[in-house]
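S.K.: First, the structure itself, so that you have it in front of you.
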Ligand SMILES: Cc1ncc(COP(=O)(O)O)c(C=O)c1O
Ligand SMILES: N[C@@H](CCCC[NH3+])C(=O)O
């Protein structure tokens, strides 16, 4: 990302902080469709609307901070993934990105499957009517209780993450008189180009069983020998917020070579491979994500080519996009509070939320965009840092951005692309009340996850 001098005069931000900022956009009132949900636009009076509802009205009715999710956009993106992969592949939405019962129903209606990674996500999915056989269960440390519940519910597959878990799941399934469909998660030894904390295919991290040193082959050997397991495939997930397809290509190639090795050793052709999620989205105008049909085509071609070369039947492919479906469909609406210009640096704009509703900036140095949405402005751009109200100097929502210099307390600003890993990673730090998620569609808004109350907090405090 390029750096530029601050338009309003001499600034020392370049030397004094690690912030990265582009030149201010030509038009601060413009909303880049790359980062905003599909139905977001400005009305003639300058107020931003989503799903046919103006944010000023939404703020009045639902308060701030709040997440607004564009249901039409969510459904369109889910459908685009399903149709891109067609009948020969399955799309499992990764519930960790954001899960609620309404979301489960939308997914079910749009024909997607679901990946869960905890008993809580499984309970949410089942309670909203997702058929158990369309659910996959992930995690590096599933409890015996979670495994039992999953098997009893008739879950479609459990993704085995370690040697110990192979034995554990087999034992539980057998004691329940069942044979559980499973995949083995392997680490293919790829360094995905993303933040260290969200890269998962290199060896020195907690997920999966390494392909290296014959470990994955040994895991297959053990799984095939256990009566409680029906080994149906191999799983790889290389990390998250990735734009470069090269890592997926290497992963696909290595997984197919394991399938060939399994066929050669055991005479068994495993019928499935899962290539995980991890596809990046646009958080700022500098990001250029790929469309689902491009991704589907690229992955399908590699797998087919590699299988032909290895004389294998092409396995059924599945993928697990989370962020790429839900991320762009929501924004967080905040009310501006204190505005503090720091001479020679930037202006700190405090909002009524912060790291409790979006931890990603503090955790991953994530970049976001921001816009004034309750009105337009022709004022000069000012370099801002949007910060929350928590007791941390790292409580930053948007590290570097431009907002109009006439910004005032009471204005509404919105941060787009907060559908993934914001509400799902929200916390009660400083006893913050987690914001609601409001679904907007065709001029109607309804709460799908309500705002927390002080009673909710106190209910857990039984001392
Ligand atoms: C196993 C697995 N599948 C799918 C996902 C979803 O990733 P993303 O939201 O980046 O698509 C994750 C999270 O990174 C994951 O760990
Ligand atoms: N929570 C991460 C992604 C990790 C996904 C789970 N493996 C994020 O916000 O980007």
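Residue numbers (UniProt numbering): 1 to 463. Backbone N, C-alpha and C define an ideal beta-carbon position, used for all residues, glycine too.
1. Do the CB positions of residue 41 and residue 31 come within less than 9 Å of each other?
2. Name the DSSP bridge partner or partners of residue 403?
3. Taking C-alpha atoms, which residue in 116, 254 and 66 lies nearest to residue 234?
4. Which one of 457, 388, 455 and 155 has the shortest CA to CA distance from residue 64?
5. With a threshold of 6 Å on Cβ separation, who are the neighbours of residue 35 within its own chain once the five nearest residues in sequence on each side are excluded?
6. For residue 298, does the three-state DSSP call read helix, strand or coil?
7. Can you check whether the CB of residue 419 is closer than 9 Å to the CB of residue 328?
8. Examine ligand 2 and report whether any of its heavy atoms sits within less than 8 Å of the Cβ of residue 423.
9. Can you list, in chain order, every residue whose CB sits closer than 5 Å to a heavy atom of ligand 1?
10. Just to confirm, does residue 364 get its C-beta within under 8 Å of one of the non-hydrogen atoms of ligand 2?
11. Which residue's Cα is closest to the Cα of residue 260: 349, 173, 315 and 99?
12. Unbroken beta strand (DSSP E) runs of length 3 or more, entirely within the region 101–164: which are they?
13. Taking residue 162 as the reference, give the member of 140, 453 and 176 with the closest Cα.
14. Does the region 436–453 come close enough to the region 47–57 to have 3 or more Cβ pairs within less than 8 Å?
15. At a threshold of 8 Å, does residue 420 count as lining ligand 2 (C-beta to nearest heavy atom)?
16. Kindly give me the distance between the Cβ atoms of residue 390 and residue 354, rounded to whole angstroms, as I take these residues to be in contact under 8 Å.
17. Could you check the C-alpha separation between residue 160 and residue 184 for me, to the nearest Å?
18. Are residue 216 and residue 258 close, meaning C-beta to C-beta below 9 Å?
19. For ligand 2, I want to know if residue 360 counts as a neighbour, meaning its beta carbon is within less than 8 Å of at least one of the ligand's heavy atoms.
20. Out of 412, 176, 331 and 332, point me to the one whose CA is closest to residue 147's CA.
21. Distance, Cα to Cα, residue 461 vs residue 455?
22. Suppose you measure from the CA of residue 377 to the CA of residue 23; what does that come to, to the nearest Å?
23. Which partner residues does residue 68 have in the DSSP bridge list?
24. Just checking my contact of residue 490 with residue 407 at CB under 8 Å: how many whole Å lie between their CB atoms?
25. Could you tell me how far apart the beta carbons of residue 229 and residue 220 are, in whole angstroms, since I believe they sit closer than 8 Å?
26. Could you tell me which residues DSSP puts in a beta bridge with residue 283?
27. Buried or exposed for residue 268, going by 16 or more other Cβ atoms inside 10 Å?
28. Considering just the uninterrupted stretch of the beta strand (DSSP E) at residue 235, what are its terminal residues?
M.R.: Well, looking at it:
1. yes
2. 382
3. 254
4. 388
5. 282, 369, 416 and 417
6. helix
7. yes
8. no
9. 94, 97, 138, 237, 240, 276, 277, 278, 320, 321, 322 and 323
10. yes
11. 315
12. 113–116, 135–137 and 157–160
13. 140
14. yes
15. yes
16. 5 Å
17. 5 Å
18. yes
19. yes
20. 176
21. 10 Å
22. 18 Å
23. 331 and 438
24. Residue 490 cannot be examined here, being either before or after the span of the chain that is shown, 1 to 463.
25. Actually they are not in contact, since the Cβ atoms of residue 229 and residue 220 sit about 11 Å apart, beyond 8 Å.
26. Looking at the DSSP assignment, residue 283 forms no beta bridge with any residue, so it has no partner.
27. exposed
28. 229–235
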